[in-house]
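Everything on this sheet refers to the single structure shown next.
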Amino acid sequence: MKRLLYILIISAVGFSSCRKFLDVIPDNVATIDNAFTMRQEAMKYLFTCYSYLPLNGDLSSNPALLAGDEFWMERPYSTSEEPWQIALGFMSANNIYMSRWNTYFAALRDCNIFIDNIHKVVDMTQSEKDRWTAEVKFLKAYYHFLLVQMYGPIPIISKNLPISSTAEEAQVPREHVDTVFNYISHLMDTAAADLPEFIADKATELGRITKPIALAIKARVLATAASPLFNGNSDYSGFVNYDGKPLFTAAFDANKWKLAAEACKAAIEVCEKNGITLYKFNQLGVTLSDTLTRQMSIRNAMCEEWNAEVIWNNPNTRTYELQRQAMPRLDPARIGNEISLGAVAPTMKIAELFYTDKGVPITEDKTWDYNGRLKLRTATKAEGELIYEGYTTASLHFNREPRFYADLAFDGAMWYMQNGTYHIESKAGQWQTRKNIYDNNVTGYFAKKVINWKYVIQEGQSIYVESYPWPEIRLADLYLLYSEALNEQNGPTPEVFVYIDKVRDRAGLKGVQASWSQYSKNPGKPSTKEGLRQIIQQERMIELAMEGSRFWDLRRWKRCMEELNKPVTGWDIDQSDPNFYYRIRTRARQSFQTRNYLWPISSQDLMNNPKLVQNPGW
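According to the numbering used here, the sequence shown holds residues 11 to 628 in order.
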């Protein structure tokens, strides 16, 4: 944890003190020059540029956590909090929730200031200036990407306008969406050329941008650009700029997937060269069964900070509050400690998403009784590492893949932690039952994946939380992006299966072709581009569940109309009798319209800049 304190403290201090420094100097005349007189002052400005990185581990800041369909919570949230307003379809042009328009344009301004002035610092070597400039160029490209991901075509802020600019010159229009993606990609390439391949000083510099980070995020950028939302989207065929010129190209461009595949491959090569590899649990002095070792490999790929699989951990966000909200009252010896809420509840949809233990969807496995999934079943001794021996729970919870048990907990589930092994009892009147009107689990599922295995419920109302920085991208994500891009480019070639099967192997599953040929009711599915596309997309949604990927993947795939108009469901949590508890209950009804793929721009921004045009449908 100490390794991160430097960047966190400098980022926070740099953001506040640097702004005060810029605004007020001894003679009360604002100036940029003083920020770039010496290295120490320039460093503050460098971390000001970092300080705009999104707080993706924060429930109230990251729309990908609570504004989608992976989790549900009940508080007055459904009527007052921004994520639920988005999830329930209540966004409007007059009520824009979780907007980042002004934040990221402010970030771009500061990045440009840094790039324009870093050459003035006298006590820095040129190589250090080049590295810092490359870091900020990457951040500048990344903030453009975060904007285009939310808003579609945006103005490109390649440089800051001089103070002498006229009002007309300050009215910067949106650019064609392809122009924006090309600009981002080129800027990331430029940055990568001067970035280090690894962090040498891990004590003080972890979290700063490296070449593997730049290339991996570039791969994500180009995969997004190649995806249906931005590539040949007929919904935007009439979307034009203030001058009548199109902001989208109506025709699908297959070459975009080729570029995405090449970017993925280049990123993978650099990552693997620098020792980035799929995480395998191996803690000194800890000996576990193969089943638990597999689970810990899956869990810790997300929760162990700076593990071998992480390409980029976002240093701006720690996960204390996320873990506290997700962790149930797990320890029966400290059941009076109510600091841990267990309120971040995965939905029934997510529980049913995971494969069977044969590595195929529960609707396809010819050995698994899908129609009988709600029937009650009692766990045997042989199943005791997964479900508490002798406990009665739903058949849905049996014979599922390792990621199901690693990522989720449920009534009867076993839960291994560093300080002991526990199990869940969540029916009415049991340990993890509802305690208050709000701040309770509302689906019957718990987000085990987001909780570090060193979390300890202590005496009284105290807890120890091993917080970790948010994993923006890890190698499994990159492998699956590469498989997706290859399949979209050329269909089911052998190389597609190599990379998806690497991820499946770590998860304890056979390869795609072996699993589908032996166990699926549709054995030919992996042999077609369309069938393999479904498989790859489900693999991504399983492997990256609860990491904020699904929210944006559903958008770029244009699957939100299909998925985000389904009801949010879970078990009937207020029942004590398992015959009644194990009934599916609707918790909320989501609503998604075509216009929701892109955020609206505020009326104030449209008034200030007449050359901006509103997104379709708003």
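Here a beta-carbon is modelled for each residue, glycine too, at the ideal position from N, C-alpha and C.
Cβ-Cβ separation between Ala-311 and Tyr-592: approximately 31 Å, too far for a contact (criterion under 8 Å). Excluding five sequence positions before and after Lys-520, the CB atoms of its chain that fall closer than 6 Å to its own CB belong to Gly-369, given in chain order. Contact check between the segment 506-514 and the segment 389-404: fewer than three CB pairs, one atom from each, fall below 8 Å, which does not count as touching.
Counting along the chain, Ala-524 sits inside the alpha helix (DSSP H) bounded by residues 522-529. By the criterion of a C-beta distance shorter than 7 Å, Arg-184 is surrounded in its chain by Pro-163, Ile-164, Pro-165, Asn-251, Leu-257, Leu-622, Val-623, once the five residues flanking it on both sides are discounted.
Taken through DSSP and simplified to helix, strand or coil, Ile-321 comes out as strand. Restricting attention to Phe-148, Ile-123, Leu-294, the CA atom closest to the CA of Ala-226 is found in Phe-148. Here Phe-262 is exposed: its Cβ has fewer than 16 other Cβ atoms, across all protein chains shown, within 10 Å.
Fully enclosed beta strand (DSSP E) runs of no fewer than 3 residues occupy 386-388 of the segment 349-398, in order along the chain. In the three-state reduction of the DSSP assignment, Tyr-62 falls in the coil class. Checking the DSSP bridge columns, you'll see Tyr-455 partnered with Phe-420.
For Gly-541, the enclosing alpha helix (DSSP H) stretches over residues 539-553. Residue nearest to Lys-268 within the set Leu-232, Gln-471, Gly-78 is Leu-232 (criterion: CA-CA distance).
Straight-line measurement puts the Cα of Asp-615 at about 20 Å from the Cα of Val-190.
Here Tyr-55 carries a helix assignment [DSSP, helix/strand/coil]. Within the segment 565-590, complete alpha helix (DSSP H) segments of at least 4 residues are found at 570-573, given in chain order. In this structure, DSSP gives Met-101 a state outside helix and strand, which the three-state scheme calls coil. Around the beta carbon of Ser-477, 16 or more other beta carbons lie within 10 angstroms, which makes this residue buried. Pro-73 is bridged by DSSP to nothing; it lacks a bridge partner. Note on Asn-429: under 16 other CB atoms within 10 angstroms of its CB, so exposed under the neighbour-count rule.
The beta carbon of Gln-523 sits closer than 8 Å to those of Phe-507, Pro-536, all from its chain and outside the five residues before and after it, given in chain order.
About 19 Å separates the beta carbons of Asn-112 and Lys-169, which is beyond the 8 Å limit, so they are not a contact pair.
Where His-407 is concerned, there is no enclosing beta strand (DSSP E), because DSSP gives it neither an H nor an E. For Tyr-152, the enclosing alpha helix (DSSP H) begins and ends at 136-161. DSSP places His-129 within a helical segment (H, G or I) once states are collapsed to three. Its chain contains Pro-481, Arg-484 as the residues whose beta carbon lies nearer than 7 Å to that of Val-320, once the 5 sequence neighbours on both sides are disregarded; these appear in chain order. For Met-427, the three-state secondary structure derived from DSSP is strand.
For Thr-596, the pairing in a beta bridge is given by DSSP as Thr-579.
Residue state for Phe-208 is assigned as coil, using DSSP reduced to three classes.
Spatial neighbours of Gly-400 in its own chain (CB-CB distance under 6 Å, excluding positions within 5 residues in sequence) are not present. The alpha-carbon separation between Asn-104 and Pro-610 amounts to approximately 9 Å.
When the Cα atoms are used, Ala-270 and Lys-539 turn out to be separated by approximately 17 Å. Spatial neighbours of Ala-273 in its own chain (CB-CB distance under 6 Å, excluding positions within 5 residues in sequence) are listed in chain order as Lys-228, Ala-229, Leu-232. Nearest C-alpha to Phe-249 among Asn-619, Leu-608, Gly-518, Ala-177: Leu-608.
Secondary structure note for Glu-482: its beta strand (DSSP E) is the uninterrupted segment 480-484.
If you draw a straight line from the Cα of Ala-201 to the Cα of Gln-136, it comes to about 15 Å.
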